[in-house]
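One structure below.
Number of protein chains: 2
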Amino acid sequence: MPTDLHTILGDLVSVNHRLTRVAAHAANNPESPAVWRTLSVLLQSGSIRLGALASRSRVSQPTATKLVSHLELRGWATRLADPLDARVSQTAITPAGEAALLDWRSELAAALLPMFADLPADDVATLERAISILRDRVERSDPSDPSGLVVPFGAAS
Amino acid sequence: MPTDLHTILGDLVSVNHRLTRVAAHAANNPESPAVWRTLSVLLQSGSIRLGALASRSRVSQPTATKLVSHLELRGWATRLADPLDARVSQTAITPAGEAALLDWRSELAAALLPMFADLPADDVATLERAISILRDRVERSDPSDPSGLVVPFGAAS
DNA sequence: CATTTTATATAGCCCGGCTATGTATAGTGG
DNA sequence: CCACTATACATAGCCGGGCTATATAAAATG
Chain A
69 MPTDLHTILG
79 DLVSVNHRLT
89 RVAAHAANNP
99 ESPAVWRTLS
109 VLLQSGSIRL
119 GALASRSRVS
129 QPTATKLVSH
139 LELRGWATRL
149 ADPLDARVSQ
159 TAITPAGEAA
169 LLDWRSELAA
179 ALLPMFADLP
189 ADDVATLERA
199 ISILRDRVER
209 SDPSDPSGLV
219 VPFGAAS
Chain B
69 MPTDLHTILG
79 DLVSVNHRLT
89 RVAAHAANNP
99 ESPAVWRTLS
109 VLLQSGSIRL
119 GALASRSRVS
129 QPTATKLVSH
139 LELRGWATRL
149 ADPLDARVSQ
159 TAITPAGEAA
169 LLDWRSELAA
179 ALLPMFADLP
189 ADDVATLERA
199 ISILRDRVER
209 SDPSDPSGLV
219 VPFGAAS
């Protein structure tokens, strides 16, 4: 008896928020989720202009500015001038940034591991598939995606 | 070829953070996730003392105090004096709080629905199972759970 | 009854998120 | 070439969630 999608989505976001706190608590990392989220986007996008970074990250442009400034201070990202348009600032992750991101993921996973260590193999497989489903949706729904593969929402006339 | 659990946990938290932003953006609700997360805990726990609420919510006690104060202002929770111990403040969700929580879940789900509308049935089933797996872990790992069914972490000597 | 322990509240900080607005560069019609 | 509009990012300033440190008050204990 499958629950309807509407209910599932509510549950999904609820458990998501709970899990966020569990993760924050487990790996008590001095950096905030926003830092790692932004680095993740930078890693997968490559050099990207600030506005595009903001919309891929689903934050406002000023928030992206703040985050990138912080990343620059940390040496985890650099801003590159665009030769064709002096207004734009291309942002890219640095090798140090990549390393820090990988470290974080590893530490976090290690901290959560005991909580999931006894998970049956098919539950692990279920999680893995769910993650890939969600990642796919999260990325496809980027409102500024120039590839425009899908226009899932209001689909401007 | 199943990916190892370590990697999966890193991916899980990453996609989780991305999804959080998607949800925040989709349902541009004036209230914060913390409010709904707290109400969720209150709904499932029933009347509960502040410290227990804090640990179930995975936030510090002062943060829980702030959140409950806010919920009280909104009329979504009440504090009840404990007749046996004048220090404790039992907190409970109100009917208005339950209604608000359900409304939020519904609005949120509606906002996300277009993004998932074309999801194949077995993907929906996968999400559903993943949610239940995660919910189970999140709840079982409550560090202050008096039922103490599982002690997944450091298992104090 | 003095002391310690426990439950919550308060103070005060930092950071992420936002809107509104400023500034500088591009683009564009005359 | 110039005035004007549009665009890309930066700055200002607010709110709220998160934390630690500490205060307060009630219970428990010797």
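Protein chains in written order, with my numbering: chain A, 69 to 225; chain B, 69 to 225.
Glycine residues also receive a C-beta, built at the ideal position from the N, C-alpha and C atoms.
Computed from a predicted model, the values in this text were never measured in an experiment.
- Across the structure, Trp-144(A) and Glu-175(A) are spaced so that their CA atoms are roughly 18 Å apart.
- In terms of Cβ geometry, His-93(B) and Arg-126(A) form a close pair [threshold 8 Å].
- Membership of Ala-95(A) in any alpha helix (DSSP H) is not indicated, and neither H nor E is assigned to it by DSSP.
- Residues of the segment 73-101 of chain A with a C-beta less than 8 Å from any C-beta of chain B: Leu-73, His-74, Thr-75, Ile-76, Leu-77, Gly-78, Asp-79, Leu-80, Val-81, Ser-82, Val-83, Asn-84, His-85, Arg-86, Leu-87, Thr-88, Arg-89, Val-90, Ala-91, Ala-92, His-93 and Pro-101, listed in chain order.
- At a cut-off of 8 Å between beta carbons, Thr-194(A) contacts chain B.
- Taking 8 Å as the cut-off, the Cβ atoms of Val-103(A) and Leu-135(A) count as close.
- Against chain A, the beta carbon of Trp-104(B) has neighbours under 9 Å at Val-81, Ser-82 and His-85, listed in chain order.
- CA-to-CA, the gap between Pro-188(A) and Leu-195(B) works out to about 17 Å.
- Taking 8 Å as the cut-off, the beta carbon of Ser-115(B) is found closer than this to the beta carbon of Ala-160(B).
- Of Leu-111(B), Gln-129(B), Val-90(B) and Ala-177(B), the smallest CA-CA separation from Gly-119(B) is found for Gln-129(B).
- Excluding the 5 residues flanking it on each side, Val-156(B) has same chain C-beta neighbours closer than 6 Å at Arg-117 and Asp-150, in chain order.
- For Arg-147(B), the enclosing beta strand (DSSP E) covers residues 145-149.
- For Ala-185(B), there is no enclosing beta strand (DSSP E), since its DSSP letter is neither H nor E.
- When the alpha-carbon of Asp-72(B) is set against those of Ser-200(A), Ala-193(A), Ile-201(A) and Arg-86(A), the nearest one is in Ala-193(A).
- Annotation: Cβ neighbours of Leu-202(A) in chain B (cutoff 7 Å, chain order): Val-83 and Leu-87.
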